[in-house]
Structure formats: structure tokens, C-alpha cells
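Visitor: Each residue of the sequence shown is one higher than the last, beginning at 1 in my numbering.
This is the structure I have questions about; it appears just below.
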Amino acid sequence: MESVTEQSVIESVPKGLLIGGEWRDADGGGKLAVDDPATGAVLAYVADASPGDCRTALDAAVAAQHDWARTAPRDRAELLRAAYEQITARAEEFALLMTMEMGKTLAESRGEVAYGAEFFRWFSEEAVRISGRWSTAPNGATRLLTMKQPVGPTLMITPWNFPLAMGTRKIGPAIAAGCTMVVKPASQTPLSMLALAGLLQDCGLPPGVLNVVTTSHSGAVMEPLIRDPRLRKLTFTGSTPVGRALMEQASEQILRVSMELGGNAPFLVFADADLDKAVDGAMLAKMRNIGEACTAANRFYVHESVAAEFSQRLAARMGALRWGRGTDDGVDVGPLIDEKSREKVAALLDDAVAKGATVLTGGQPVEGPGWFFQPTVLADVSADADVNREEIFGPVAPVRTFSTDEEAIRLANDTEYGLVAYLFTRDLTRALTVSEALEYGMVGVNQGIVSNPAAPFGGVKASGVGREGGAEGIEEYLETKYVGIAL
Ligand code: NAP
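This is the structure:
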């Protein structure tokens with residue numbers, strides 16, 4: 001096997017727009033720079049699509065829909081399986097590319113490549129299990145045939161924090177169900193998606209089924225597509241404010257929508273918790289992806305009897321982490337994605353400290369190049385600190401205490417978000433009672449990670465609608481039709 005170098009990986013990525021099976025330049029030749037967040041250096045330039053390019057991409061998806069919906073489920077399944085095998089075989093390439101454009105360490109990128117590829121394997125297995133129902137109406141006069149059909153052309157908008165997996169989690173079920181698509185990756189991390197699109201082409205995906213547009217002016221180029229009557233579905237992963245705006249746009253054509261939005265995850269540690277497990281879980285829930293995950297633990301609520309010990313142990317672990325470029329040996333934490341993100345983390349931390357919080361470790365941005373921030377633990381965080389309400393999206397762990405289960409549940413639910421909550425206890429009854437009371441789409445019990453391709457990922461309240469993965473994932477790309485038959 002040829003050795004994988006930064007240069008060879010960047011060179012191998014297609015840089016154009018994928019429309020109707022062809023790679024092409026943007027109308028007018030516009031280019032968009034992709035930076036390395038660890039150094040600020042430009043890694044590559046990719047095409048900067050115009051509204052006209054995006055319309056042509058939708059034309060291609062619409063033209064391909066009829067035939068694609070009629071392909072054999074087994075063929076779609078085999079294609080996904082082949083893509084899974086290919087991503088796995090090229091895991092090092094994808095991991096290096098992801099680390100360069102997004103910043104996370106190579107070990108974390110390898111984890112995302114495995115996780116992202118798994119959606120293709122999972123949905124290759126789901127593609128051949130789409131089924132319906134046959135029943136007799138209660139009055140006995142009519143037969144009811146219920147069938148599932150692909151929703152139709154779908155627009156997919158994905159974020160920068162998981163550049164591969166947030167794409168495969170949508171593309172996998174769409175291919176399995178028989179939908180065509182236009183994908184718009186985040187402007188800061190388009191390379192992983194472009195590499196994936198090239199791989200799917202190599203695996204034999206027919207022209208027009210998957211079209212990819214990259215752009216520096218997302219709002220202006222996406223809105224006309226969302227309002228286009230030929231589009232049938234919008235699936236979005238990103239921030240809640242953008243999701244809200246897109247849902248409004250999607251209401252014009254009454255699109256099917258799936259929204260995977262922001263989070264504000266509570267992490268509850270009860271008095272009877274195994275503290276070793278709780279600290280391990282906290283490290284994972286807080287530091288996975290540099291804290292830049294929708295599932296990141298945002299608020300730690302620890303029983304007052306164990307709060308001091310938990311906080312000290314967490315601070316010792318966080319303080320021992322080494323930051324640096326994710327490609328370098330021995331690095332545990334990469335940079336934040338950009339200056340704006342780092343400023344937001346610093347502002348939330350300053351606000352908490354001004355309102356009485358104590359810094360147990362960290363507490364400072366790190367001098368550049370790159371957008372690094374010290375892993376930080378805050379104790380004595382007050383109820384009015386902004387960190388209680390806002391997604392931190394960085395390596396800061398604010399700790400507060402509680403005294404009763406009721407108080408823990410009330411604090412955990414006191415947010416507009418509802419993506420994921422974590423709880424640590426040895427008491428099964430407490431684990432189940434609290435899980436039931438938490439207003440969240442997902443709960444991690446004695447574990448700091450919930451992402452699993454076999455499980456329905458998604459949130460309630462301002463964290464979104466719809467589920468990705470699990471048996472539910474493919475339903476988001478299927479319509480139900482019922483045929484009434486008089487015999
Ligand atoms: P973002 O700013 O909302 O951007 C997400 C995507 O939407 C990007 O592709 C972005 O393109 C595009 N976009 C931005 N404004 C748009 C507009 N007006 N019209 C159409 N598209 C637009 O979010 P982000 O900062 O990339 O990602 C972080 C957020 O995603 C966090 O809130 C996180 O919690 C959430 N997230 C949720 C999940 C989940 O499954 N629930 C998973 C991962 C992340 P540009 O790159 O060009 O701005």
C-alpha cells in the first residue's frame with residue numbers, strides 16, 4: 001500500500017462540485033479556502049457554488065429519482081456494503097484528512113471513520129428489510145395494503161464537527177430507501193465529504209443519485225432549493241437557530257424535515273455512583289471531539305456528598321491532557337474550529353467566573369497559531385451563569401451540586417434543549433426512574449457516550465425532530481402509502 005501523507009491525501013480529494021455524476025467547477029470559477037484550524041494554513045481550495053450550480057444539482061437529483069427508486073433493494077444494499085468496505089480499507093486516509101480540516105486527534109478521527117462507515121453497513125442491512133402490511137378492515141369489507149416508498153429528492157446540510165459521520169448517517173438511509181440527494185457539507189470541512197462522494201462513485205453509485213455542492217454563502221444558495229417544489233425532504237444537522245430558520249423555509253413546500261440540532265447535556269452523578277466510572281464517563285462525554293459535540297456534557301450536576309471528590313479527580317484528568325495539532329504523537333486535544341468559537345468559550349468561562357465560579361484547572365485560551373483552549377474544570381458555578389443555558393462547544397466542564405433526586409431532575413430539565421442526558425448511579429430503580437423523568441431523546445446510564453448506528457439518535461424540544469440510525473433511521477426517508485382494496 002502506498003504511504004498516506006498529508007500532501008497525497010489532500011491531492012487525492014476531488015475539489016469540484018459533483019453534479020449528475022461529473023465533477024465540475026463552480027459557475028464563474030469561484031473558490032473557497034479550507035483551513036487547518038491547528039495552524040491557520042490553507043489546506044486546499046474547493047469550488048464555491050452559485051445558486052445556479054445548486055439548482056443544476058437539484059435538476060440532477062430530480063432526474064435520477066425515478067430510476068433510482070426502482071433499483072433492487074439488494075443492489076442498493078450491496079453498494080452500501082462495498083462503500084463500507086472501502087471506507088474501512090482507506091480509514092487512515094479519511095482519518096488524516098479529517099484531522100487536518102477539523103482539528104481532532106488522529107485517534108478520534110479513526111473513531112469517527114469507523115463510526116461513520118458503520119452507518120453504511122447498518123443501512124446495507126436495512127435496505128432489504130423495508131416492508132409493509134396487509135390487513136382486513138374492521139368491517140371485513142375492505143383489505144388494507146400499506147406500502148413504503150422513497151420520500152424523493154432530499155437536501156442534506158451537515159456541520160463541521162463530524163465531517164464524515166454526519167454525512168453517512170443521512171446518505172446511508174437515503175441510499176437504502178431509494179432517495180436521491182443534494183448534499184451540502186460545512187464550508188469549513190468539505191474535504192471529507194468530497195472524498196466520500198468520490199468513493200461512492202467508485203463503488204458504482206449511478207450519476208445524479210448523490211450530488212455534492214460546496215459553498216461559502218450557504219443561506220443564499222440553499223434557500224431557493226428548500227423552496228423548490230421538486231424537493232421533497234430537508235435533513236439538517238447543525239445549530240438550533242439555523243434549524244429554526246430552515247424549518248420556516250421548509251414549511252412553504254410542506255417538506256418532510258429531520259432536524260438534528262444543538263444540545264445542552266446534563267451529566268448527573270448520584271451519591272451512590274461508581275466514581276471511577278463517572279470520571280471516565282465525564283472525560284468521554286466532555287472531551288470527545290474537543291468538547292465540540294452536540295452530545296457534549298455541558299452541565300455537571302453532582303450530589304453534594306461526592307462533588308468535591310468528583311471535581312478534584314476530573315480536574316486532575318483534564319489538567320493532564322496535552323494539546324497540539326491532532327496529527328502529532330502524544331496529543332490528546334486538538335484546537336477549536338475557529339477564532340469565533342474560542343472567543344465564545346472564553347466569554348462563557350469569564351461570565352461564570354465573574355458570577356462566582358472557581359477555576360480548578362485550565363481557564364485560558366492558548367497562544368496561537370491555532371485556536372487552542374486549555375481543558376478547564378469550574379466548581380461552584382452559580383445558577384445564573386450563562387453556561388447553564390448555552391452550548392459551550394469547547395473543553396470546559398462546569399460543576400454544580402444537588403441534594404435530592406428531584407432537584408437533579410429539575411435542574412437537568414431546566415433548558416430549552418433535549419438531546420441527551422447522562423446519569424451515573426448503581427441503583428437500577430433510580431436509573432430507570434430518572435431516565436423516565438428526563439425530557440431528552442437519549443439517556444446514557446453509567447456511560448459517557450450514546451452514539452451507536454444501531455440506536456435511534458435524536459432529540460426533543462429545541463434539539464430537533466426525527467431520528468438517525470437504528471430501525472427508525474430509514475423511516476425518515478420513506479413515505480407510507482395505503483391502498484384500500486374492495487374484494
Ligand atoms: P451551523 O452554523 O448551524 O451550520 C451547520 C450547517 O448549516 C453548515 O453546513 C452551514 O454551512 C449550514 N448553514 C449555516 N447557515 C445556513 C443557512 N442560513 N442556510 C442554510 N445552511 C446554513 O452549525 P455548526 O456550527 O456547523 O455546527 C455546530 C452545531 O451543530 C451545534 O449546535 C451542534 O450541537 C449541532 N450538531 C448537532 C448534532 C445532532 O445530531 N443533534 C450533531 C452535530 C452537531 P456553512 O458551513 O457554510 O456555515
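Yeah, the Cβ is synthetic: ideal placement off N, Cα and C, and Gly gets one too.
Since the structure is predicted, the reported quantities are computational estimates derived from the model, not experimental observations.
Does the distance from the CB of Gly132 to the CB of Lys148 come in under 7 angstroms?
Guide: In contact: Gly132 and Lys148 (Cβ atoms closer than 7 angstroms).
Visitor: With distances taken from CA atoms, which of Gln86, Glu304, Leu164 is nearest Gln201?
Guide: Comparing Cα-Cα distances from Gln201 to each of Gln86, Glu304, Leu164, the minimum goes to Gln86.
Visitor: I'd like to confirm something about Glu339: is its beta-carbon nearer than 6 angstroms to some heavy atom of the ligand NAP, or not?
Guide: No, Cβ of Glu339 sits at least 6 angstroms from all heavy atoms of the ligand NAP.
Visitor: Using CA coordinates, which residue listed in Glu11, Ala320, Phe267 is at the minimum distance from Ala408?
Guide: Selected option, being the one with the closest Cα: Phe267.
Visitor: Give the DSSP bridge partners of Tyr422, in chain order.
Guide: Partner(s): Phe267, Gly444.
Visitor: Is there contact between the segment 121–139 and the segment 213–220, where contact requires at least three CB pairs shorter than 8 angstroms?
Guide: Short answer: they don't touch.
Visitor: Here's the rule I'm using: 16 or more other beta-carbon atoms within 10 Å means buried, otherwise exposed. How should Pro188 be labelled?
Guide: The amino acid at residue 188 is misidentified as Pro; the sequence shows Gln. Gln188 comes out buried.
Visitor: Hey, how far is the Cα of Thr480 from the Cα of Thr146?
Guide: Each residue's Cα considered, the two are about 7 angstroms apart.
Visitor: May I ask you to check if the CB of Glu406 is nearer than 6 angstroms to at least one heavy atom of the ligand NAP?
Guide: The answer is no for Glu406.
Visitor: Output the boundary residues of the beta strand (DSSP E) element that contains Leu18.
Guide: Start and end: 17–19.
Visitor: Let's test the definition: count the other Cβ atoms within 10 Å of the Cβ of Ala379 and tell me whether it reaches 16, buried, or not, exposed.
Guide: It counts as buried.
Visitor: Is Ala141 near the ligand NAP, in the sense that its beta carbon is under 6 angstroms from a heavy atom of that ligand?
Guide: No, the ligand NAP has no heavy atom inside 6 angstroms of this Cβ.
Visitor: If we ignore side chains and look at the alpha-carbon of each, how far apart do Val4 and Glu92 end up?
Guide: Taking the straight line from one Cα to the other gives about 7 angstroms.
Visitor: Val377 and Ala307 - do their beta-carbons sit closer together than 7 angstroms?
Guide: No, these two residues do not count as a Cβ contact at 7 angstroms.
Visitor: Taking 6 angstroms as the cut-off, is the CB of Asn161 close to at least one heavy atom of the ligand NAP?
Guide: Yes, the ligand NAP has a heavy atom inside 6 angstroms of this Cβ.
Visitor: Considering Trp134, what are the terminal residues of the alpha helix (DSSP H) in which it resides?
Guide: Segment 133–136 is the beta strand (DSSP E) holding Trp134; no alpha helix (DSSP H) there.
Visitor: Since Arg400 sits in a beta bridge, which residues does DSSP pair it with?
Guide: BP columns for Arg400 point to Tyr301.
Visitor: Just to confirm, does Ile157 get its C-beta within under 6 angstroms of one of the non-hydrogen atoms of the ligand NAP?
Guide: Checking every heavy atom of the ligand NAP against the Cβ of Ile157, one is found closer than 6 angstroms.
Visitor: How about Gly243 and Leu261: do their beta carbons lie closer than 7 angstroms?
Guide: Cβ atoms of Gly243 and Leu261: closer than 7 angstroms.
Visitor: Using a Cβ-Cβ cut-off of 8 angstroms (strictly less than) and excluding sequence neighbours within five positions of Ala197, which residues of its own chain qualify?
Guide: The residues are Pro14, Leu18, Val183, Leu210, Val212.
Visitor: Can you give the beta carbon distance from Ile290 to Gly334, rounded, assuming they're within the 8 angstroms contact cut?
Guide: Their Cβ separation, rounded to whole angstroms, is 5 angstroms, which keeps Ile290 and Gly334 in contact under 8 angstroms.
Visitor: Under 6 angstroms from any heavy atom of the ligand NAP, does the C-beta of Val242 make it?
Guide: True, at least one ligand heavy atom lies under 6 angstroms from that Cβ.
Visitor: DSSP puts Leu144 in a beta bridge; with which residues?
Guide: Its beta-bridge partners are Ser135, Gly484.
Visitor: If you drop the 5 nearest sequence neighbours on each side, which residues of the same chain put their C-beta closer than 6 angstroms to that of Cys510?
Guide: There is no way to answer for residue 510, as the model of the chain reaches only from 1 to 487.
Visitor: Using DSSP's beta-bridge definition, name the partner residues of Ala47.
Guide: Bridge partners of Ala47: Lys31.
Visitor: Are the CB atoms of Val34 and Glu125 within a distance shorter than 7 angstroms?
Guide: No, the pair does not count as a contact, with Cβ atoms beyond the cut-off.
Visitor: Is Ser50 near the ligand NAP, going by C-beta to nearest heavy atom under 6 angstroms?
Guide: No, since every heavy atom of the ligand NAP falls outside the 6 angstroms radius drawn around the Cβ of Ser50.
Visitor: Helix, strand or coil for Glu260 per DSSP?
Guide: DSSP places Glu260 in strand when its eight states are reduced to three.
Visitor: Using a Cβ distance threshold of 8 angstroms, determine whether the segment 344–354 contacts the segment 295–311, with at least three qualifying pairs required.
Guide: Verdict: no, contact absent.
Visitor: To which residues does DSSP link Lys340 through a beta bridge?
Guide: Beta-bridge pairing links Lys340 to no other residue.
Visitor: Below 8 angstroms, how does it come out for the segment 247–256 and the segment 59–70: are there three or more Cβ pairs, yes or no?
Guide: Because the criterion of three Cβ pairs below 8 angstroms is not met, the segment 247–256 and the segment 59–70 do not touch.
Visitor: Counting only the same chain and skipping the five closest in sequence on each side, list residues whose C-beta sits under 6 angstroms from that of Pro365.
Guide: So the qualifying residues of the chain are Arg342, Ala346, Phe373.
Visitor: What is the DSSP secondary structure of Leu378, reduced to helix, strand or coil?
Guide: Note: Leu378 maps to strand in three-state DSSP.
Visitor: Unbroken beta strand (DSSP E) runs of length 3 or more, entirely within the segment 163–197: which are they?
Guide: Whole beta strand (DSSP E) segments, 3+ residues: 181–184.
Visitor: Would you mind stating whether Pro369 and Met318 have Cβ atoms separated by less than 7 angstroms?
Guide: In this structure, Met318 does not lie closer than 7 angstroms to Pro369 by Cβ.
Visitor: I need the boundaries of the alpha helix (DSSP H) containing Asn413, first residue and last residue.
Guide: 405–413 is the extent of the alpha helix (DSSP H) around Asn413.
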